[in-house]
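Engineer: In UniProt numbering, the protein residues as written are 1 to 125.
Glycine residues also receive a C-beta, built at the ideal position from the N, C-alpha and C atoms.
Below: one structure in structure tokens.
Below, the structure is given as structure tokens:
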């Protein structure tokens, strides 16, 4: 059984109030060859989500980003379709999809976005 952990990261700057990202489910347990899906609600309409993968003891790896009006995601080095993809249900609700999972996919996956600039960092898990 493969275990995939899901946590959230929020980068925020230059807007008033606090916005909370919600990711679900917190843990995905699958058999090899199945499809993993992870949802991320950005808590506000910011139009873009970034997904990262982190294996225990490693640094986060950029998987992809998806802008709501694009037809497909933009991928990080070593990640591609059809293994990884993303969809959206709205401008604040996004999904990461990992097809044909294998042992190497077992990791913590982060969804991340930001409101603008880069001064204040907000992280929730």
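Got a sec? Which residues, its chain only, sit under 8 Å from residue 83 by beta carbon, not counting five neighbours each side?
Structural biologist: Same-chain partners within the cutoff: 98, 99 and 100.
Engineer: Taking residue 73 and residue 65 to be in contact with their CB atoms under 8 Å, please state how far apart those CB atoms are, rounded to whole angstroms.
Structural biologist: The Cβ separation is near 6 Å, so the contact holds.
Engineer: Give me the Cβ distance between residue 94 and residue 49, rounded to the nearest whole Å; I'm assuming they're in contact under 8 Å.
Structural biologist: About 4 Å; that satisfies the 8 Å criterion.
Engineer: For residue 92, which residues from the same chain have a beta carbon less than 8 Å from its beta carbon, with the 5 sequence-adjacent residues on both sides left out?
Structural biologist: Result list for residue 92: 41, 42, 43, 44, 45 and 46, in chain order.
Engineer: Here's a check: name, in chain order, each residue in its chain whose Cβ is nearer than 7 Å to the Cβ of residue 102, leaving out the five neighbours to either side.
Structural biologist: If we look at residue 102 and ignore the five residues flanking it on each side, its Cβ neighbours are 32.
Engineer: Is it right to say residue 112 is buried, meaning 16 or more other beta carbons lie within 10 angstroms of its own, or is it exposed?
Structural biologist: Classification of residue 112: buried, given that the 10 Å Cβ count is 16 or more.
Engineer: Helix or strand or just coil, what does DSSP make of residue 7?
Structural biologist: Residue placement at residue 7 is poorly supported in this model, since its pLDDT is 49, which falls under 50; the coordinates still yield a value, given next. Strand.
Engineer: Can you tell me whether residue 59 is buried or exposed, with buried defined as 16 or more other CB within 10 angstroms of its CB?
Structural biologist: The residue in question, residue 59, is exposed, as its Cβ has fewer than 16 Cβ neighbours within 10 Å.
Engineer: Spatial neighbours of residue 76 within its chain, please: C-beta separation below 7 Å, excluding the five flanking residues on both sides.
Structural biologist: Around residue 76: 61, 62, 63 and 64.
Engineer: Where does residue 8 land, buried or exposed, given buried means 16+ other C-beta within 10 angstroms?
Structural biologist: Reliability of the predicted coordinates at residue 8 is poor, the pLDDT of 45 falling under 50, and no value is obtained from them.
Engineer: Please identify the residue among 54, 90 and 89 whose C-alpha is closest to the C-alpha of residue 104.
Structural biologist: It is 54.
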